[in-house]
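Chains as they are written, first to last, in numbering that gives the first Met the number 0: chain A, 0 to 100; chain B, 0 to 376.
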Amino acid sequence: MCLAIPGKIIDVLEGSPTLGTVEVVGVRRKVDLGLLQDDMPKPGDWVLIHVGFAMSKISEKDALEQMRTLAMLGEAEQAMHEVQGYGLEETGPTIVREKPH
Amino acid sequence: MRFVDEFRDPEIITKTAEEIRRLIDPARHYRFMEVCGGHTHAIYRFGLKDLLPANIELIHGPGCPVCVLPMGRIDDGLAVAESTDHPVMFTAFGDMMRVPGTHGSPLEHKARGVDVRIVYSPSDALKLARCNPGKHVMFFAIGFETTAPSTALTLMRAKAEGIKNFSVFCNHVTIIPAIRAILDSPDMRLDAFIGPGHVSTVIGCRPYEWIARNEQKPIVVSGFEPLDLLQSIVMILRQLRAGEAKVENQYKRVVPWEGNRAALRAMAEVFELRPYFEWRGLGFISQSALRLRDSYAEWDAELRFQVPGVRVTDPRAAQCGEVLKGVLKPAQCKLFGKECTPEHPIGALMVSTEGSCAAYHSYQLRKEAVTSIHSAA
Chain A
0 MCLAIPGKII DVLEGSPTLG TVEVVGVRRK VDLGLLQDDM PKPGDWVLIH
50 VGFAMSKISE KDALEQMRTL AMLGEAEQAM HEVQGYGLEE TGPTIVREKP
100 H
Chain B
0 MRFVDEFRDP EIITKTAEEI RRLIDPARHY RFMEVCGGHT HAIYRFGLKD
50 LLPANIELIH GPGCPVCVLP MGRIDDGLAV AESTDHPVMF TAFGDMMRVP
100 GTHGSPLEHK ARGVDVRIVY SPSDALKLAR CNPGKHVMFF AIGFETTAPS
150 TALTLMRAKA EGIKNFSVFC NHVTIIPAIR AILDSPDMRL DAFIGPGHVS
200 TVIGCRPYEW IARNEQKPIV VSGFEPLDLL QSIVMILRQL RAGEAKVENQ
250 YKRVVPWEGN RAALRAMAEV FELRPYFEWR GLGFISQSAL RLRDSYAEWD
300 AELRFQVPGV RVTDPRAAQC GEVLKGVLKP AQCKLFGKEC TPEHPIGALM
350 VSTEGSCAAY HSYQLRKEAV TSIHSAA
């Protein structure tokens, strides 16, 4: 859980909390941008994501290298699983896997 | 066995490994501790040991959050969820789910009917509370300064929205006191540290300055790629050769020297230091963990619920403590690979991929697989 997942900012939804849509290898999810409030990312920027929060801005080159590192560590699948699990959408059901409605 | 062919720049890797060989004093034995569990995982996964000279020994540090959590805390958290007085949903990251408690792991409790859910983010736990107003949702928080700011922001949101059916069972720990405890340990002699990568994105590099200044040990904050780790070792060796001890940042592309101020502000708003906290293997360390401030008492699971406060000693035969301190290598534990395997873990170090036992176990399997392919060919 120490490893961070790189994602590209698609849009920033102003408000409280400040959320942003990120894209990680084709999968789009909302993440919380609150930890980057001093240096808010813009659409097109790349960030490192940890437990559903963008932690730091990085370059596109470093983002691609980070994804490669995750793949080499055997963690890419787990990382995608994590991203898909983020339930931070304003609408739609949250992850309640045990009792599907 | 070498995994070097898989690397992005095999040539640069080979050159950096050669540089390491040039810099070492063959008569000296070097002991470097990688503090972060992510680094331990990377070192084994990439087979970096095989690229290093035999007289460089890498000691695995305490930076795996599930590994350092004493079993009593897991028992306490699960006891709250199991209590019949009030229905509580126990939420935690997937890493926690297979960690053994005295009466089984969170996953085994779930099989017995306790409401245990995996979340990938603390904000998902808060969302569960929002969507299930009739239930109390407790987030069993673990992690170092990498993760604590996310829990802090989640609590600030819970307070702002007035969500009362949510609480945090806080096990967040801080890395500096653990490093201090290791340096104070009489059976531990280290020459330098490979500093944690993502913890440092939050705390920056300044908090390590005492290690260089007072303890005269180099510390190089490192990235997670094979080349990052090898370059960090080069930077450490250059310092040792020059008789220097300073904090250096190899992971500049991600880690700012001053850290992430917004994250530090969120932590300061929500958390305060506990007077002391128990770590598996390291015992009680003063001011080494976080708890919720009084202004967040309503969201503090330890204040809201009856917590047994149990202390549990680890299974007698398991030597997790010695392995965690770096006194024993994983394979030197009596249970390693026999009673204790990733499929049936007895200690937490065998559960998480960042735990040195699980990392070493999977490295051994890969090594055997590669060796058998080579001997078949």
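The beta-carbon is built from N, C-alpha and C at its ideal position, and this holds for glycine as well. This one's a predicted model, so the numbers in the text were calculated from it and none came from an experiment.
- One finds Tyr119 in chain B with Cβ atoms closer than 7 Å to the Cβ of Gly84/A, taken in chain order.
- Close to chain A, meaning a Cβ-Cβ distance shorter than 9 Å, is no residue of the segment 67–90 of chain B at all.
- Residues of the segment 21–32 of chain A with a Cβ closer than 9 Å to any Cβ of chain B, in chain order: Val30 and Asp31.
- Interface annotation, Thr17/A: not in contact with chain B, CB-CB separation never under 7 Å.
- Taking the beta carbon of Ala3/A as reference, the chain B residues within 7 Å of it are His197, listed in sequence order.
- Within the segment 43–79 of chain A, the beta strand (DSSP E) runs of at least 3 residues that lie entirely inside it are, in chain order, 45–49 and 52–57.
- In this model, Ala347/B and Lys134/B are separated by some 30 Å (Cα to Cα).
- Under the Cβ distance rule, Thr13/B does not count among the residues neighbouring chain A, no pair being separated by less than 7 Å.
- Between Tyr119/B and Gly43/A, the C-beta gap is not smaller than 7 Å, which leaves the two residues out of contact.
- Cβ atoms of Ala244/B and Pro206/B stay farther apart than 8 Å, at about 16 Å.
- Separation of Leu334/B and Asp38/A (C-alpha to C-alpha, rounded to the nearest whole angstrom) is 49 Å.
- Boundaries cannot be given for Tyr295/B, as no alpha helix (DSSP H) includes it and DSSP labels it neither H nor E.
- With respect to Val350/B, Arg97/B sits close: the two C-beta atoms are nearer than 7 Å.
- Here DSSP, grouped into helix, strand and coil, assigns Ile162/B to coil.
- If you check the CB distance, Pro148/B and Gln286/B do not come in under 7 Å.
- Taking a Cβ-Cβ cut-off of 9 Å, the neighbours of Ala261/B in chain A comprise Gly33, Leu34, Leu35, Gln36, Asp37 and Asp38, given in sequence order.
- Contact of Leu72/A with chain B by beta-carbon distance below 7 Å involves His40, Ala41 and Arg44.
- Only those residues of the segment 137–151 of chain B whose C-beta falls short of 9 Å from the nearest C-beta of chain A are listed: Ile141, Gly142, Phe143, Thr145, Thr146, Pro148, Ser149 and Thr150.
- The DSSP-derived three-state label of Met32/B is strand.
- Across the structure, Gly100/B and Arg240/B are spaced so that their CA atoms are roughly 46 Å apart.
- The C-beta of Glu224/B comes closer than 7 Å to at least one C-beta of chain A.
- Annotation: Val21/A to Met79/A spans about 13 Å, alpha carbon to alpha carbon.
- Of the candidates Met95/B, Ile117/B and Phe143/B, Phe143/B places its Cα closest to the Cα of Ala262/B.
- Inter-residue distance for Arg260/B and Met54/A is about 11 Å (C-alpha atoms, whole angstroms).
- Annotation for Gly76/B: no beta strand (DSSP E) segment contains it, though the alpha helix (DSSP H) segment containing it runs Met70 to Glu81.
- Of the other Cβ atoms in all chains shown, 16 or more fall within 10 Å of the Cβ of Ser122/B; this residue is therefore buried.
- In the three-state DSSP reduction, Arg252/B falls in the coil class, being neither helix nor strand.
- Look at Thr200/B: its C-beta is under 7 Å from a C-beta on chain A.
- In this structure, the CA atom of Arg27/B is about 29 Å from the CA atom of His360/B.
- When Val201/B, Arg179/B and Pro195/B are compared, the shortest CA-CA separation from Asn213/B is found for Arg179/B.
- Per DSSP, reduced to three states, the secondary structure at Leu281/B is coil, with no helix or strand assignment.
- Think of a sphere of 7 Å around the beta carbon of Glu81/A: the chain B residues whose beta carbon falls inside it are Tyr119, in chain order.
- If the five residues before and after Lys324/B are omitted, its C-beta is found closer than 6 Å to the C-beta atoms of Gly280, all from its own chain and listed in chain order.
- When the Cα atoms are used, Gly62/B and Leu229/B turn out to be separated by approximately 19 Å.
- Interface criterion not met: the Cβ of Ile8/A is under 7 Å from no Cβ in chain B.
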